[in-house]
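Residue numbers for the sequence shown follow this note's numbering, beginning at 2 and rising by one.
Ideal Cβ positions, reconstructed from N, Cα and C, are used throughout, including at glycine.
Working notes, structure below.
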Amino acid sequence: MTHSKRALRLNQASLALVVAWQRAAGSHEVCALCAVDHAGRQRLLQLTNHAELTGAFEVSRSDSDAVRAAATRLGLKIVAFVHTHPHHGPDMSPRDAQCFDRDTLPWIIVGDVATLPRQRAYARPLADVVVH
Ligand SMILES: [Zn+2]
Numbered sequence: 002m003t004h005s006k007r008a009l010r011l012n013q014a015s016l017a018l019v020v021a022w023q024r025a026a027g028s029h030e031v032c033a034l035c036a037v038d039h040a041g042r043q044r045l046l047q048l049t050n051h052a053e054l055t056g057a058f059e060v061s062r063s064d065s066d067a068v069r070a071a072a073t074r075l076g077l078k079i080v081a082f083v084h085t086h087p088h089h090g091p092d093m094s095p096r097d098a099q100c101f102d103r104d105t106l107p108w109i110i111v112g113d114v115a116t117l118p119r120q121r122a123y124a125r126p127l128a129d130v131v132v133h
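Put into structure tokens, the structure is as follows:
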């Protein structure tokens, strides 16, 4: 990937990793931070989803802080928050929209295997939604 102006999206390797994590997580949503290294390569840092219910996610502040600190140590720049919809497409739920409003990162949502597009990026502000 050498495009200077890349759309925000998971590359194939990152998407494959999310799919593998999803397989292990069953019906629970998977959460991660998407970061890039100095060479622009994507790195995914998984966050623990503490939500007991399926169809939801809950990331603790301490987990998030620990992962962000690790990213800083590794010289990574966090570019997006990623979560999955194991049984739906990559569209925001009303609850997602509320959380997104309170977040500061762009989001990437990865939908289930049957959906196209498989992933959708939400830039900030919400009015600038990037549709792939
Ligand atoms: Zn969601």
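CA-to-CA distance, C100 to W22, given in whole angstroms:
The count along the sequence shown starts at 1 and reaches residue 22 at position 21. The count along the sequence shown starts at 1 and reaches residue 100 at position 99. Straight-line spacing of the CA atoms in W22 and C100 works out to 22 Å.
What's the C-alpha gap between S28 and H89?
Numbered from its first residue, the sequence shown carries residue 28 at position 27. Numbered from its first residue, the sequence shown carries residue 89 at position 88. Counting only the Cα atoms, H89 lies some 11 Å from S28.
Should S28 be listed as close to ligand 1, given that the test is whether its C-beta is under 6 Å from any heavy atom?
Here residue 28 refers to the residue found at position 27 of the sequence shown. No, since every heavy atom of ligand 1 falls outside the 6 Å radius drawn around the Cβ of S28.
Can you find a heavy atom of ligand 1 that lies under 6 Å from the Cβ of D97?
Position 96 of the sequence shown holds residue 97. It does: the Cβ of D97 is within 6 Å (strictly closer) of some heavy atom of ligand 1.
For R121, I'd like the list of residues in its chain whose CB is within less than 6 Å of its CB, leaving aside the five on either flank, ordered along the chain.
Translated into positions along the sequence shown, residue 121 becomes position 120. P91, I110, listed in sequence order.
Should D38 and L77 be called a contact, given that it needs their Cβ atoms to be closer than 7 Å?
To locate residue 38, count along the sequence shown from 1; it is residue 37. To locate residue 77, count along the sequence shown from 1; it is residue 76. Yes, the Cβ-Cβ distance between D38 and L77 is below 7 Å.
Between which two residues does the alpha helix (DSSP H) harbouring A17 extend?
In the sequence shown, counting from the first residue as 1, residue 17 sits at position 16. Its alpha helix (DSSP H) spans residues 13-26.
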